[in-house]
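Everything on this sheet refers to the single structure shown next.
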Amino acid sequence: MKRIGGLVLVTACMGVLSSCASLQGLSVRSHGDSNGGSHDFSDVRGGGGSVDSGVADATATGKFESSPLRDGVLPPLGGFDRSVPGFRVFDPCTERMRLYVADMGLVATGEAKRESGFRSCRFVFESSEKSIANVTFETRDFSMAEVKDAFPEGRPGAGQYRDTIYFVIDSLIEGATCTGYVETKEGTFSISWTEVSVRYPSVDNCKNVGRIMGSLL
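Numbering (mature numbering (1 follows the signal peptide of the UniProt record, and there is no 0)), first residue to last: -21 to -1, 1 to 196.
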């Protein structure tokens, strides 16, 4: 259990694949069930390696295949001031985003959560091997400094994303969830990937997070 800005934050996976929450400041939200199409991420399941190498691989390699919506999917990177009147966090749960990530095999499930200083939505991904992953997109009004203070065990990305993406691996169910954070002008955006059916979950989950994040930057 962590605290950021006076809020209790829990990094917890409730069940093996059914629910995972990162930076929970308000409540634990469970993932719904949905059936997605069969897809595969090229070179994602390379098999093996340490967590450090997995994080490096996730951010040192190229982005996903080209997409007409690639540019400007996320707000500009940088710090923000949540005390400024009218400040609102970026909403990663728009129809535009859903259509964009659908090309990657991510299928939206459940209702988006929209509260003050918080936006969240969930997706499922089914690989060609029929394994199911739960994926969460969130934006919060916590700064990257607050995230790093709450999760000092996290690791930076590598290559061009070394100073951009910060990875945190869930400790409740070891390796089940990897979350990547980036700070934008409209709040800190995160992607959490939960899957334990792969051979090296920490490595593979971080690779998947890094590749999705790279395609949105």
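Note that CB positions come from ideal geometry on N, CA and C, so glycine has one too. Only a predicted model underlies this, so the values are computations on that prediction, with no experimental measurement involved.
Near residue i, what residues of its chain come up, given a Cβ to Cβ distance below 6 Å and the 5 sequence neighbours on each side ignored?
i      : result
Arg101 : His10, Thr88, Gly89, Thr115
Glu132 : none
Val147 : Phe130, Gly133, Thr158
Can you tell me whether residue i is helix, strand or coil according to DSSP?
i       : result
Ile191  : helix
Leu53   : coil
Tyr145  : strand
Leu151  : coil
Val182  : helix
Cys(-9) : Bear in mind that a pLDDT of 36 at Cys(-9), under 50, signals an unreliable position, so the number given afterwards is only what the model happens to contain. Correct three-state label for Cys(-9): strand.
Glu94   : strand
Glu165  : coil
Val63   : coil
Val68   : coil
Val80   : helix
Ser9    : For Ser9, the predicted model reports a pLDDT of 31, less than 50, meaning its position is unreliable and no value from the coordinates is stated.
Roughly how far, in whole angstroms, is the beta-carbon of residue i from the beta-carbon of residue j, given that I think they are within contact range, below 8 Å?
i      : j      : result
Leu53  : Thr163 : 6 Å
Tyr145 : Val126 : 6 Å
Ser181 : Cys157 : 6 Å
Ile191 : Met123 : Not confirmed; about 18 Å, so no contact.
Going along the chain, which residues of its own chain have a beta-carbon closer than 8 Å to the beta-carbon of residue i, five neighbours each way excluded?
i     : result
Gly69 : According to the sequence as given, residue 69 is Phe; it is not Gly. Closer than 8 Å at Cβ, skipping near neighbours: Leu53, Pro54, Arg98, Thr118, Thr163, Glu165, Gly166, Phe168.
Near residue i, what residues of its chain come up, given a Cβ to Cβ distance below 7 Å and the 5 sequence neighbours on each side ignored?
i     : result
Leu56 : Thr143, Val161, Glu162, Thr163
| query | Taking three-plus beta-carbon pairs below 8 Å as touching, is the region 130 to 145 in contact with the region 105 to 121? | reply | no
| task | For the region 96 to 144, list the beta strand (DSSP E) runs that are entirely contained and at least 3 residues long, ordered along the chain. | result | 97 to 106, 111 to 119
| task | Answer yes if the region 75 to 85 comes into contact with the region 54 to 65, meaning at least three C-beta pairs across the two stretches below 8 Å, and no otherwise. | result | no
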